[in-house]
Amino acid sequence: MEEKWIYPRQKQFERTLRENASNWFKDKGFKTHPKMPYCLDSWENWKNNIILSEVTEFINDCKNKAEVNGKPYPLHKYLHHGLSSQAMAFNLFGPLITRNDFSPLSNLLKDKFGFDIKIETGVFEYEDRKVFNETGGQPTSIDIVLKDENEKPTVFIECKLVEREFGGCSIFTDGDCPGMNPVNDLKECYLHFIGRKYWDLMTKYGITHLMNNDRICPFTSYYQFFREIIFSIENGGPFILLCDERSAVFEVTPSRGLVPFLRTYLPENLKNAINVLTVQELLSSIKQSGRHNDWVVDFGLKYGI
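For the sequence shown, the working numbering gives the first residue as 1, with consecutive numbering after it.
As structure tokens, this is what we get:
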């Protein structure tokens, strides 16, 4: 008997999502890209990718407030794509924020991870340039941050849908770095040279000594991961990766996936700083509340859940 590969394949998952997105747009009567029916016809129509109008209004309000303060609001380039992780985050977390109903999420965090946190507000695309001294360029941004009654950020959530990786360092991809590990000679790192505190904080939390023998810089492939996990730890909160349970990328089993692998780069006292929550788990908790029946079925149809 021919031996079969026991793990899921990412391309099959993506095909399933494309089919569901195509059908959802078609059923809604929305115009789509002539060659990609799972993508709206233009970015300007991204609102058609959001299930509830109240969430769209909330996002527009956030965008307008940011622009008044001279800050661009980071709506993604492919927000109009049916497989956009930002759109998925808006659709899943948006109603909890607009209705100030965080109990489905807080109950789940307590039951699964033991986090006993009272959530008062939620913020999309949270940033703080001071953490890493990011004086220019695009700062580290967390998809969703949950705050307590004192407006203190307490939980940091990164959302992934069909992504196959954590983003790498642009200095390397631009060809300005050979990609060798600078841990033992930080003057070789351009980011360190211009004052970014990534390596300083990695050292502070005991991560760099675990990389001493690596020849390749971990930032070449996992730059986003290390920025976000350190950003979360420095702010005193846990980091949660929200992903689809059908994804073959992040946590297929407790020992297979990017998250189990990247945990090996963390010292023992920080291994539990990164946690995985699935879209299906959160959607189930929201359904059980009985307070979001006006959109949870549509969400399931849109993403094939």
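Using N, Cα and C, we set each Cβ at its ideal position, and we do this for glycine too.
query = Starting from S141 and walking both ways along the beta strand (DSSP E), at which residues does that stretch end?
reply = 141–147
Please list the terminal residues of the continuous alpha helix (DSSP H) segment that includes C62. 53–68
Report the option in K63, K28, V155 whose CA atom is closest to the CA atom of I117.
V155
Exercise. What do you reckon, are the CB atoms on P139 and E125 nearer than 8 Å?
Worked result: no
By the DSSP assignment, the alpha helix (DSSP H) with G94 in it spans what residues? 85–98
Keeping to the same chain, check which residues put their C-beta closer than 8 Å to that of R129; ignore five residues upstream and five downstream.
T135, P139
**Prompt:** Are the CB atoms of H80 and W46 nearer to each other than 8 Å?
**Reply:** yes
Query raised in the report: Would you say V296 and L283 are within 8 Å of each other, going by their C-beta atoms?
Result: yes
Exercise. Hey, quick one: how far does the beta strand (DSSP E) through L210 stretch, first residue to last?
Worked result: Note, L210: premise wrong, no beta strand (DSSP E); not H, not E.
- Task: Taking all protein chains shown into account, decide if H307 is buried (16 or more other Cβ within 10 angstroms of its Cβ) or exposed.
- Result: There is simply no residue 307 to check, as the chain begins at 1 and stops at 305 in what is shown.
Next on the checklist: Give me, in chain order, the residues of the same chain whose beta-carbon lies closer than 8 Å to that of I216; leave out the 5 immediate sequence neighbours on both sides.
Outcome noted: G179, M180, N181
DSSP three-state label for P34, please. coil
Practice problem: Mark V183 as exposed unless 16 or more other C-beta atoms lie within 10 angstroms of its C-beta, in which case mark it buried. | Solution: buried
Item checked: Exposed unless 16 or more other CB atoms sit within 10 angstroms - verdict on R246 -> buried
Check: Quick one: what does DSSP say N275 is sitting in, helix, strand or coil?
Finding: strand
Problem set entry | Continuous beta strand (DSSP E) assignments of at least 3 residues falling wholly in the region 112–143 | 121–127
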